[in-house]
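Taking it in order: structure first as structure tokens, then the write-up.
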Amino acid sequence: MNRKGFAYIVAVLILGLLAFMGLFLMQSSGAEYSQAAISCYATMAQQLAEAAADEAFILLEDQFRDGTNAGKKGPLLRQASTSDYPPAGSTGLNPKLLDILPDFRSYVTQTNWLISNHISRAGFEIESVVPQITDCRPIDHRPFTLPQCVYQPKDRREPFDTKLSRGYYLSLTFNVTIALRVGPQKHKFLLSTTRDMKVVNVGPVGRNYTLFSCLGVEFSSGNAAQSDQEIRNDMSLGKGRLVLWNHPFQSRVYIHGPAIIGVENPDMNTQADLDGQYLGAFLTSSTDGKPGPSNQAFQYSDTYAGLSYLPYPARAFWEPPDLTWWNNQDNHKHDMAEMTQAEKDKYRADTYIKGKLPRLSNLAWSEMQDWLQLGEDYVRGTVRRQAFLPAGPFCRFPWRFVDDRPASSFAPNQKPSEWPTTTSDLKLEHRWVDGDDSFDKATKLYSSLREFKVFKMGTLQATYKEGGYPKLLNPEFALTYGNPQDPTGLFSAIWSGLKAAAGLCWGTISTPAKLVFTAGEAIFRKFFKATDPSSPQAINDQDIRNFFPTNFKDFPKAAILKMKDQDDIPRDKDGIWVLDGIYWLESFQVRQDVVYRGKGMIFVGDYNPDKPFLIAGSICAKRTTDGKRSDDNLTLIYYPFVIRQLPSGGTTSTPAPLDQCQMKIEGKGHIIEASVFSLAGIRTDTGILTAEDYATLNMDPIDTTSTWAKKGINFQDLRQKINTINGNYVNYFMKKSKLDGDLWVFHDINNPFYCTQDTQQIKEVYNETDEIMAHTVHMSPRVQHMCFSGASQ
Amino acid sequence: MTLLVFSMGLLPLIVLFQTSHKSTAKAKNLMVAQSLGRTMIDEVRSMGFDGVRANFSRVNHGWKQVTGSLVPGDASSINYPEYYGKFETMMVADELRDPRTDRPYKYLVKLSVRWQEPGIQQEIGFGTVMVKYGAR
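Here the protein sequences come in this chain order: F and L.
Going by this note's numbering, the letters in the first sequence line up with residues 1 to 793, in that order.
Going by this note's numbering, the letters in the second sequence line up with residues 1001 to 1136, in that order.
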């Protein structure tokens, strides 16, 4: 059979077909490999881009955390301060930040190392690592941070805080471009990744104030009788004293009234008073007519006599001038030359040394005769032991004087050029609202005094019991500092002053006080609902104008880390707490001394009766190598809620019971170097300073303050006997009755958050350097958004 | 004669098919390596800085055959396919300290994957950098 070479043709065809198939397979497998390689390179590129972005985020965070001139915290804060709340406010963006930030491609050293030394299979190159702010807003702490809601005293026309003081959140995006050169071709992979960043103010709350009590005593219980008792008694209850060690005439003290502060009567005979005898007008244990050293409410020495917490010079009986020639015909101690400049500024005269308290002695009626010539009326305090000493021991540390002059007489932010002499009243700051004097009238702080009228008939003397005597008076609480230069002249004005003050006493303002009850309830209710999104109408409530201390905020919103308890707080290798931002703890119980460094807040928002906020050890800032206070700072916030799980799975939160949720300081000798905020005050259980202690501590009341300084106050021993806050103390409710041990609050003049170190001046306002110091910056570890593109090219 | 011609024509085609097969195998190996590289680096990244620190000894390992359970510790986990047994991995995490604080702040994580192909050992590198966010 002749097929004329057909087999060859078939063979060639088959070979051709096979060749085609082979070539197709070849091409297909080659393309497959190329695709696999590109896919692999895309994976590598993504990993490199993620690594570069992470490195860059940390570098950027470091730059934003750097508060020096070389760092970017200042520019960031300045830029953020131009942003405002949505929807109307600006985002304050300078979107790419290219004027202050570099392209980070040369700075991601480890990623570059990976490319050069480890991922050497392809020609990778980082083309750019560029940051961009994609959002910037103030953290919405309204209403706490609204200018009209942050308290501003009468002597200031501008708030303490500026927009730089606010906290901010930002969205930061890094756009990373990775180039891959394969042969002549260049592929580009793009990674865009976004993280949140918070800029948080962790400075003290109410830094200008040694004590800031937002609502004072609890007058908002809804029970008028109970509220009335709280107003009258809370500030005088508790076995311990609350003592404020102010930077004289610079530290401020604020208490929202109404409240009555019982003024000390060192010789009060409780049983006799209970019997209605009121012998306290005469009894005294002192043999020289001066208050004994156990009476810490008296401004007492051989130069200063009498009770200072009276709104006029009636704190002692001033003997008439001694006209004996050898005594130079006056009763002044010629001590101006010995005074320090600060004392000269305060007193501006030789001190008058003859003030006395009246005393009963069968041998001393001639002395009674002296003062009975000057008047029959006489006032004493009503409590045996004053439980609140806002001017420190023996009134040596008066608070900043805030004049009550009308606002029109002030130039903006003017400080008093002279120490107050025209009025002897250093009143405590209390609530006021510009343009609405009802707040001012209804929130004053009052003293509790008794006015006695005495008579003498021959050798018989007694107090009047008729005509309402001894009368209970509630004039406004104030401090009279130093001796009056002309006590006998002033004496004649005492009673007109007293009677004018008595016209403003508690009993006559009961009606506006009731209004305050209502307002207080509203404030209370709305305050706690302010963070509840279901009641946004609370945000603009007008009743909370001029109400909150500086840097008070919605702490959960600003928190950086949430932790179970104090054991989770980061520590360095020496066991020192590392503070950085706001740590939100479920509970806080310190049972031993701890040291911290860094800047931060510790916030507890849960109320757990089994695990109360407890301090049973000292909490102190780390000292520099030369032993000085650094700018490390801690703010403790206890703002407890009862949180309950609902069957639906949600939660409800209600304020903790105010009589039980105090911050507890257990034992004595604990030093808390912090700004302390506690919703319902502090509970102490021991540590009461005795009269004898003062002498051993070199704080003998007979000595002047400058003598104390010369001798050297033994602060170490002092602090072992009591509990101290070295910083400032802020509360929502005083709950003074819970203090059963002395609590001394030192406005910390060694801490740059409160005081300028070189001039020893309390910082009224923070400048930009201070704000930079007070803010911490935190990059979130969570990725908010990420996209990768280029692999499909 | 025809068979002779056909066979001679078939020889280069066999080489062609073999080359294609090798190329396909290479692509497959590369995909497996990529899969391992992606999975292992992702796993390390998901640990975060503190996770790497806590599992430092587990993260660091010398050449190790890819075999056994896909999820260690999970009894119900599937095993790596047998094919993966020809791959080995090595991971090294270098701890880097912040020069200012002398505290660890970065991990440079290097992953190498290698496998044997006819006549040659292939190796490919993956890597990432883990950084410390938060309090430092």
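Every residue gets a Cβ at the ideal spot worked out from N, C-alpha and C, and that includes glycine.
Query raised in the report: Roughly how many angstroms lie between the CA atoms of L:Met-1130 and F:Asp-565, to the nearest whole one?
Result: Reading the second sequence from its first residue, position 130 is the one you call residue 1130 of chain L. Reading the first sequence from its first residue, position 565 is the one you call residue 565 of chain F. Their Cα atoms are separated by approximately 27 Å.
Query raised in the report: What are the complete alpha helix (DSSP H) segments, minimum 4 residues, inside the region 1049 to 1105 of chain L?
Result: 1056 to 1059
Report task. List the residues of chain F whose Cβ lies closer than 9 Å to the Cβ of L:Ile-1124, in chain order. Result -> What you label residue 1124 of chain L is simply residue 124 of the second sequence in a count that begins at 1. Those are Cys-40, Met-44, Ile-119, Arg-121, listed as they occur along chain F.
**Report entry** Partner residues on chain L for F:Met-779, Cβ-Cβ distance less than 7 Å
**Finding:** As a position in the first sequence, residue 779 of chain F is number 779, starting the count at 1. The answer, in chain order, is Tyr-1133.
Requested in this report: Would you list the one or two residues that DSSP bridges to F:Lys-186?
Outcome: As a position in the first sequence, residue 186 of chain F is number 186, starting the count at 1. In the DSSP output, where bridge partners are listed per residue, F:Lys-186 has F:Arg-181.
Query - L:Ile-1014, buried or exposed, once every other Cβ within 10 Å from all chains shown has been counted against 16 - result: Within the second sequence, the letter at position 14 stands for residue 1014 of chain L. It counts as exposed.
Query raised in the report: F:Tyr-169 CB to nearest chain L CB: under 9 Å?
Result: To locate residue 169 of chain F, count along the first sequence from 1; it is residue 169. Answer no: the Cβ-Cβ gap between F:Tyr-169 and chain L never drops below 9 Å.
Query raised in the report: For F:Gln-866, which of helix, strand or coil comes out of DSSP?
Result: Here chain F has residues from 1 to 793 only, and residue 866 of chain F is not among them.
Report task. Identify whether F:Pro-682 lies in helix, strand or coil by the three-state DSSP scheme. Result -> The residue labelled residue 682 of chain F in the question sits at position 682 within the first sequence. Just to set this straight, residue 682 of chain F is Ile in the shown sequence, not Pro. Strand at F:Ile-682.
Requested in this report: Determine the closest residue to L:Asp-1102 out of F:Arg-450, F:Phe-733, F:Asp-572, F:Asp-437, with distance taken between C-alpha atoms.
Outcome: Locating residue 1102 of chain L in the second sequence gives position 102, counting from the first residue. Nearest option by C-alpha distance: F:Asp-572.
Query raised in the report: Which stretch, first to last residue, makes up the beta strand (DSSP E) that contains F:Ile-58?
Result: In the first sequence, the residue the question calls residue 58 of chain F occupies position 58. Counting along the chain, F:Ile-58 falls outside any beta strand (DSSP E), though it belongs to the alpha helix (DSSP H) covering 6 to 65.
Query raised in the report: Does the distance from the CB of F:Leu-585 to the CB of F:Leu-389 come in under 9 Å?
Result: On the first sequence, residue 585 of chain F is found 585 positions in, with the first residue counted as 1. On the first sequence, residue 389 of chain F is found 389 positions in, with the first residue counted as 1. Result no, Cβ atoms of F:Leu-585 and F:Leu-389 do not sit closer than 9 Å.
Report task. Would you check if there are 3 or more beta carbon pairs closer than 8 Å linking the region 702 to 709 of chain F to the region 599 to 608 of chain F? Result -> no
**Report entry** Nonlocal neighbours in the same chain, by C-beta distance under 6 Å from F:Ile-119, ignoring five residues either side
**Finding:** Taking the first residue of the first sequence as 1, we reach residue 119 of chain F at position 119. Counting only Cβ-Cβ distances below 6 Å, and skipping sequence neighbours, we find Met-44.
Query raised in the report: Between F:Thr-68, F:Gly-649, F:Ile-637, F:Gln-185, which lies nearest to F:Ile-772 when the distance is taken from Cα to Cα?
Result: By one-based count along the first sequence, residue 772 of chain F stands at place 772. It is F:Thr-68 whose Cα lies nearest to the Cα of F:Ile-772.
Query - Proximal residues, the region 590 to 606 of chain F versus chain L, C-beta separation under 9 Å - result: Gly-598, Gly-600
Report task. Please report how far the alpha carbon of F:Phe-144 lies from the alpha carbon of F:Gly-206, in whole angstroms. Result -> Within the first sequence, residue 144 of chain F is the residue found at index 144, counting from 1. Within the first sequence, residue 206 of chain F is the residue found at index 206, counting from 1. One C-alpha to the other measures close to 12 Å.
Query raised in the report: Using a Cβ-Cβ cut-off of 7 Å (strictly less than) and excluding sequence neighbours within five positions of F:Lys-471, which residues of its own chain qualify?
Result: Here residue 471 of chain F corresponds to residue number 471 of the first sequence, with the count starting at 1. Closer than 7 Å at Cβ, skipping near neighbours: Arg-450, Glu-451.
**Report entry** Interface partners of F:Ile-722 on chain L, CB under 7 Å
**Finding:** One-based indexing of the first sequence puts residue 722 of chain F at position 722. Those within 7 Å of F:Ile-722 in chain L number zero; the least Cβ separation is about 33 Å.
Query raised in the report: In the structure shown, what three-state DSSP assignment does F:Trp-432 receive?
Result: On the first sequence, residue 432 of chain F is found 432 positions in, with the first residue counted as 1. F:Trp-432: coil per DSSP, three-state reduction.
**Report entry** Three-state secondary structure assigned by DSSP to F:Tyr-469
**Finding:** The residue you call residue 469 of chain F lines up with position 469 of the first sequence. Coil.
Query raised in the report: By how many angstroms is the C-alpha of F:Arg-629 removed from the C-alpha of F:Asn-750?
Result: For the purposes of this step, residue 750 of chain F is identified with residue 750 of the first sequence, where counting begins at 1. For the purposes of this step, residue 629 of chain F is identified with residue 629 of the first sequence, where counting begins at 1. Cα-Cα distance, rounded: 6 Å.
Requested in this report: Could you name the residues of the same chain whose beta carbon sits closer than 8 Å to that of F:Pro-512, not counting the 5 residues immediately before and after it, in chain order?
Outcome: Counting from one through the first sequence, the residue named residue 512 of chain F turns up at place 512. Bear in mind that a pLDDT of 35 at F:Pro-512, under 50, signals an unreliable position, so the number given afterwards is only what the model happens to contain. Correct list, in chain order: Ser-438, Lys-441, Ala-442.
**Report entry** Buried or exposed by the 16-neighbour rule on C-beta atoms within 10 Å, applied to F:Arg-801
**Finding:** The structure shown does not extend to residue 801 of chain F, since chain F is modelled only from 1 through 793, so no value can be given for it.
Query - Contact list for the region 26 to 39 of chain F against chain L, Cβ threshold 7 Å - result: Met-26, Ser-29, Gly-30, Glu-32, Tyr-33, Ala-36, Ala-37, Ser-39
Requested in this report: Compare the beta carbon distance of F:Ala-587 and F:Gly-203 with 9 Å and say whether it is the shorter of the two.
Outcome: Locating residue 587 of chain F in the first sequence gives position 587, where the first residue counts as 1. Locating residue 203 of chain F in the first sequence gives position 203, where the first residue counts as 1. Position check: residue 587 of chain F holds Ser in this sequence, whereas Ala was assumed. No, the pair does not count as a contact, with Cβ atoms beyond the cut-off.
Query - CB contact check: L:Gly-1062 to chain F, cutoff 9 Å - result: The residue given as residue 1062 of chain L occupies position 62 in the second sequence. Judged by the 9 Å Cβ criterion, L:Gly-1062 is not in contact with chain F.
Query raised in the report: Does F:Ile-178 come within less than 9 Å of chain L when only Cβ atoms are used?
Result: For the purposes of this step, residue 178 of chain F is taken as the residue at position 178 of the first sequence. Not an interface residue.
Query raised in the report: F:Trp-432: buried (16+ other C-beta within 10 angstroms of its C-beta) or exposed?
Result: Position 432 of the first sequence, counted from the first residue, corresponds to residue 432 of chain F. Buried, by the Cβ-count rule.
Query - Beta-carbon contacts of F:Lys-611 that lie in its chain and below 7 Å, excluding the five residues immediately before and after - result: Numbered from its first residue, the first sequence carries residue 611 of chain F at position 611. Same-chain partners within the cutoff: Ser-587, Gln-589.
Query raised in the report: Got a sec, what are the start and stop residues for the alpha helix (DSSP H) F:Trp-113 sits in?
Result: Taking the first residue of the first sequence as position 1, residue 113 of chain F is located at position 113. Its alpha helix (DSSP H) spans residues 109 to 113.
Query raised in the report: Any C-beta of chain L sitting closer than 9 Å to the C-beta of F:Ile-539?
Result: The sequence position of residue 539 of chain F within the first sequence is 539, counting from 1. Per-residue confidence for F:Ile-539 stands at a pLDDT of 29, beneath the threshold of 50, marking its modelled position as unreliable; the derived number appears in the next sentence. Chain L contact via Cβ: absent.
Requested in this report: Report yes if the C-beta distance between F:Thr-210 and F:Tyr-729 is below 9 Å; otherwise report no.
Outcome: Here residue 210 of chain F is taken as the residue at index 210 of the first sequence, counted from 1. Here residue 729 of chain F is taken as the residue at index 729 of the first sequence, counted from 1. The answer is yes: Cβ separation under 9 Å.
Query raised in the report: Is there a Cβ from chain F that is less than 9 Å from the Cβ of L:Gln-1034?
Result: Position 34 of the second sequence holds residue 1034 of chain L. Yes, L:Gln-1034 lies at the interface with chain F (some Cβ there is under 9 Å from its Cβ).
Query raised in the report: F:Val-108 CB to nearest chain L CB: under 9 Å?
Result: Within the first sequence, numbered from 1, the residue matching residue 108 of chain F stands at position 108. Taking Cβ atoms only, chain L reaches closer than 9 Å to F:Val-108, which makes this a yes.
**Report entry** Close Cβ partners of F:Ser-28 (< 6 Å) along its chain, the five nearest in sequence each way excluded
**Finding:** Residue 28 of chain F sits at position 28 when you count from the first residue of the first sequence. Closer than 6 Å at the Cβ level, and outside the excluded window around F:Ser-28, lies no residue.
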